[in-house]
Amino acid sequence: MTEPPSAVRPSAAVLLLHGGAETGLGPPPPGPLNLPALRMRPFARAIAAATGDGATDVLVRTARYTHRGWNGPREDPFHDVVAALDALRREAGEIPVVLVGHSMGARAALRAAGHPLVRGVVGLAPWCPADDPVAQLGGRDVVLLHSTRDRITSPRASQAFTGRARRAGAHTCLVAIRRSDHAMLRRARTWHALTTWIATGLLDPAALPEAVATALRLPSDAPATHGTLDLDRLDLDRPDYARTGRGSGPSIGYR
Numbered sequence: 058m059t060e061p062p063s064a065v066r067p068s069a070a071v072l073l074l075h076g077g078a079e080t081g082l083g084p085p086p087p088g089p090l091n092l093p094a095l096r097m098r099p100f101a102r103a104i105a106a107a108t109g110d111g112a113t114d115v116l117v118r119t120a121r122y123t124h125r126g127w128n129g130p131r132e133d134p135f136h137d138v139v140a141a142l143d144a145l146r147r148e149a150g151e152i153p154v155v156l157v158g159h160s161m162g163a164r165a166a167l168r169a170a171g172h173p174l175v176r177g178v179v180g181l182a183p184w185c186p187a188d189d190p191v192a193q194l195g196g197r198d199v200v201l202l203h204s205t206r207d208r209i210t211s212p213r214a215s216q217a218f219t220g221r222a223r224r225a226g227a228h229t230c231l232v233a234i235r236r237s238d239h240a241m242l243r244r245a246r247t248w249h250a251l252t253t254w255i256a257t258g259l260l261d262p263a264a265l266p267e268a269v270a271t272a273l274r275l276p277s278d279a280p281a282t283h284g285t286l287d288l289d290r291l292d293l294d295r296p297d298y299a300r301t302g303r304g305s306g307p308s309i310g311y312r
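Residue numbers (the numbering used here): 58 to 312.
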């Protein structure tokens, strides 16, 4: 992990995981050349700002990868995430952790969610192969955010994944974001704000957006479409959303 240990023992942590390549045994590029890692910095800043007002003691950490790719059955980022979680446990003890991962990092987060510290996962434009396991997600909260225009990873695969994970005992929700992209550059502020809201809400469920909390309570046999929310129809990215209490609206499906 990239940050030094905190002098104050925290009550929770958020671990951020950037994207990468399908294959690549070399190390990630250093510093400013590592564009996937740079893309996660605004998320780290937003989450740190939301949890650093003196009323909370939540660690915000960014995981480091030993290789730039997933690398098939090696699953290198998955092992890096487990190592980062073990390091958090040594540093802070048995605290709840929310994993926030983008693309390959989301896949690693979902695979590592069986670690005892993990309370929930926020997957951003996640890479969700149809044959990836879901049993490790039992009892975890899983919220996926995906652009409907993503051309790198599939929002349909994300929707199918939420259904499979729910049947395995996870509490799942997919938020579809229109007019955006895989890199989360279009509507970037919405991505940052919504991710922060959900990540902190998974640590404090009373603070979750109502629509997301409702989706997470769906029964295990509910169709994946029932837990898929259209961000624009829900107005989740409006500043007054929390005050209006809006949270019911139509779900959407991918065909």
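Every residue gets a Cβ at the ideal spot worked out from N, C-alpha and C, and that includes glycine.
Around the beta carbon of L242, a 10 Å sphere encloses fewer than 16 other beta carbons of the protein chains shown; the residue is thus reported as exposed. Assignment of beta-bridge partners to S204 by DSSP yields I234. Between P186 and A165, the gap from beta carbon to beta carbon reaches 9 Å or more. Distance between L181 and G220, taken at the CA atoms: about 17 Å.
Between the segment 153 to 162 and the segment 76 to 84, the count of C-beta pairs closer than 8 Å reaches three or more; the two stretches touch. Under a 10 Å Cβ-count criterion, L73 is classified as buried, with 16 or more other Cβ atoms of the shown protein chains found around its own Cβ. Per DSSP, reduced to three states, the secondary structure at D289 is helical.
Under the three-state reduction of DSSP, T271 is assigned to helix. By the Cβ-count criterion, T123 is exposed, with fewer than 16 other Cβ atoms from all chains shown falling within 10 Å of its own Cβ. A69 sits in a strand when the DSSP states are folded into three classes.
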